[in-house]
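Enquirer: Numbering (this note's numbering), first residue to last: 829 to 1262.
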Ligand code: NAD
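This is the structure in structure tokens:
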């Protein structure tokens, strides 16, 4: 098929590349001209494991192209995906400006029957809104709008996209359903389901999934917090809990809270949707409140270790992206931690394997940047760990000890072993473990 993907960020670039990998001809479109120039020169604009190989292959074979001109990009496309940002608006709800303005433009560009597929995470009723905006300039027989929420995880996006656990398609049009099935069949050869439903249910499914996962993380963070108060070890509780097949092992690791470009805004957006229909979705309020506190746990523990005075303390931070294997720092707990430490006049030196340039763009010369984990440790009073990158799991302890002025570690992701740290003579704090 000939496909256009509008919005070439984490979702759009991965989707476009993976559709090309299945033999489709894909044009990715973005208003960010610098991004398009870079991609046209073969330089990726974000870090995602495995993306480079299929990006290069499909570009080389002419199936993947990039443009910043919407009219050129959608020419001949029978399916147009919207992978546009839907950030949190001032009222907590999702801001649909990008989605609706692109829909308006498409209405006056489309000339023959085209499927408009929304991959952005959008509130219930958006497919209907997009349809009515398109209808301003386009005959309704020339398009269908499909809700097709995306479930890929940054850091594992290629695998998730090429072998999705399920595809959700929201449409009431038989033509749209047939085209979507044809497009996605090659991705589900192992038998994972393509679930077809109405548009509103598809839109709600995405929020339900993200809100559930955010709740699961938050629940374990609360178990960790209570573990600290009653003297339990959350690791033991977690392992036993995870053996229950009704609960499952995943998403049970406590830490410094969830971040990223999805969970925080999607929980807020679902709360906003609920308020709009006079439903008091109580769990969401608790999730937001607990997470706001949880993401400052490393800061809180550092402050308490230094008896409330962090002024002049030199602190290293390892891990800045909101999770490992991505360079994405949107809503990362590191941002809140850095802000709080700077407000207390601490001196910071930070390290991350992939996201350091994104952090530098925000903090500039307010903090120092290290190019490896160990240079970050020179003469520091303490180390905080904020992201569970694999490289932090088995560090060179003797090197750490020789570099740090005082061997205090606050491990916000429980990547190190408390007993081992004690044996080595570190002063070690983690989340929910003695
Ligand atoms: P992103 O910010 O990485 O990418 C969005 C891209 O759209 C940017 O490159 C931006 O320049 C471009 N853009 C903005 N306005 C435009 C316009 N008018 N015309 C053309 N391009 C425009 O965002 P993302 O992380 O890819 O997320 C996109 C959507 O997918 C959001 O709704 C998000 O909630 C959802 N989603 C994200 C993930 C994820 O892991 N990142 C997973 C599932 C769903």
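Where a beta carbon is used, it is the ideal one built from N, C-alpha and C, also for glycine.
The structure displayed is predicted, hence computed values, not measured ones.
1) Which residue wins for smallest C-alpha separation from residue 1113, given the options 1095, 1105 and 1024?
2) Pick out the complete alpha helix (DSSP H) segments inside the region 853-905, 4 residues or longer, and give them in chain order.
3) Quick one: residues in its chain with C-beta nearer than 8 Å to the C-beta of residue 879, no 5 flanking neighbours on either side, listed in chain order?
4) Please state whether DSSP places residue 966 in a helix, a strand or coil.
5) Skipping 5 residues on each side, what residues in its chain have a beta carbon closer than 8 Å to that of residue 1168?
6) The ligand NAD and residue 840: does any heavy atom of the ligand fall closer than 7 Å to the residue's C-beta?
7) In angstroms, rounded to a whole number, what distance separates the CA positions of residue 926 and residue 1044?
8) Taking 7 Å as the cut-off, is the C-beta of residue 958 nearer than that to any heavy atom in the ligand NAD?
9) When you compare only the Cα positions, how much space is there between residue 1164 and residue 1191?
10) Going by CA-CA distance only, name the one from 1236, 1003 and 975 that's closest to residue 995.
11) Can residue 1075 and residue 1065 be called in contact, C-beta distance under 8 Å?
12) Since residue 794 contacts residue 1261 with CB under 8 Å, what's their CB separation in whole angstroms?
13) Does the ligand NAD have even one heavy atom less than 7 Å from the beta-carbon of residue 1070?
14) Give the secondary structure of residue 1033 by DSSP, where H, G and I count as helix, E and B as strand, and everything else as coil.
15) What's the C-alpha gap between residue 1139 and residue 1011?
16) Is it the case that the CB of residue 929 approaches a heavy atom of the ligand GDP more closely than 7 Å?
17) Where residue 858 and residue 910 are concerned, what is the direct C-alpha to C-alpha distance, given to the nearest angstrom?
18) Is the closest heavy atom of the ligand NAD to the C-beta of residue 1190 under 7 Å?
19) What does the Cβ neighbour count give for residue 1058, buried or exposed, with the cut at 16 atoms within 10 Å?
20) Under DSSP, the beta strand (DSSP E) around residue 1025 begins and ends at which residues?
21) Assign residue 1216 to one of two classes, buried (16 or more other C-beta atoms within 10 Å of its C-beta) or exposed (fewer than that).
Expert: The answer reads as follows:
1) The residue labelled residue 1113 in the question sits at position 285 within the chain shown. The candidate whose alpha carbon is nearest that of residue 1113 is 1095.
2) 861-868, 879-888 and 898-902
3) Taking the first residue of the chain shown as 1, we reach residue 879 at position 51. If we look at residue 879 and ignore the five residues flanking it on each side, its Cβ neighbours are 841, 842, 845, 872, 985 and 986.
4) Start at 1 with the first residue of the chain shown, and residue 966 comes out as number 138. Coil, per DSSP.
5) Here residue 1168 is taken as the residue at index 340 of the chain shown, counted from 1. These residues qualify, in order along the chain: 1124 and 1127.
6) Your numbering for residue 840 matches position 12 in the chain shown. Yes, since a heavy atom of the ligand NAD falls inside the 7 Å radius drawn around the Cβ of residue 840.
7) Counted from its first residue, the chain shown places residue 926 at position 98. Counted from its first residue, the chain shown places residue 1044 at position 216. The alpha-carbon atoms of residue 926 and residue 1044 are separated by roughly 31 Å.
8) Position 130 of the chain shown, counted from the start, is the residue given in the question as residue 958. Checking the Cβ of residue 958 against the ligand NAD gives no.
9) As a working mapping, residue 1164 is identified with position 336 in the chain shown. As a working mapping, residue 1191 is identified with position 363 in the chain shown. Between residue 1164 and residue 1191, the C-alpha separation is close to 12 Å.
10) Looking up residue 995 in the chain shown gives position 167. Measuring from the Cα of residue 995, the nearest candidate turns out to be 975.
11) On the chain shown, position 247 is the one that residue 1075 refers to. On the chain shown, position 237 is the one that residue 1065 refers to. Going by C-beta atoms, residue 1075 is not nearer than 8 Å to residue 1065.
12) It is not possible to answer for residue 794, since the shown part of the chain is limited to 829 through 1262.
13) Start at 1 with the first residue of the chain shown, and residue 1070 comes out as number 242. Outside the cutoff, so no.
14) For the purposes of this step, residue 1033 is taken as the residue at position 205 of the chain shown. Of the three classes helix, strand and coil, the one that applies to residue 1033 here is helix, per DSSP.
15) The residue you call residue 1139 lines up with position 311 of the chain shown. The residue you call residue 1011 lines up with position 183 of the chain shown. Their Cα atoms are separated by approximately 58 Å.
16) For the structure depicted, the ligand GDP is absent and the ligand set comprises only the ligand NAD.
17) For the purposes of this step, residue 858 is taken as the residue at position 30 of the chain shown. For the purposes of this step, residue 910 is taken as the residue at position 82 of the chain shown. Roughly 11 Å between the two C-alpha positions.
18) Residue mapping note: residue 1190 aligns to position 362 of the chain shown, counting from 1. Because no heavy atom of the ligand NAD lies under 7 Å away, the Cβ of residue 1190 does not count as near it: no.
19) Sequence index remark: in the chain shown, residue 1058 carries index 230 (1-based). Exposed, since its Cβ has fewer than 16 Cβ neighbours within 10 Å.
20) Position 197 of the chain shown, counting from 1, holds the residue named residue 1025. Counting along the chain, the beta strand (DSSP E) containing residue 1025 begins and ends at 1022-1025.
21) Numbered from its first residue, the chain shown carries residue 1216 at position 388. Burial call: buried.
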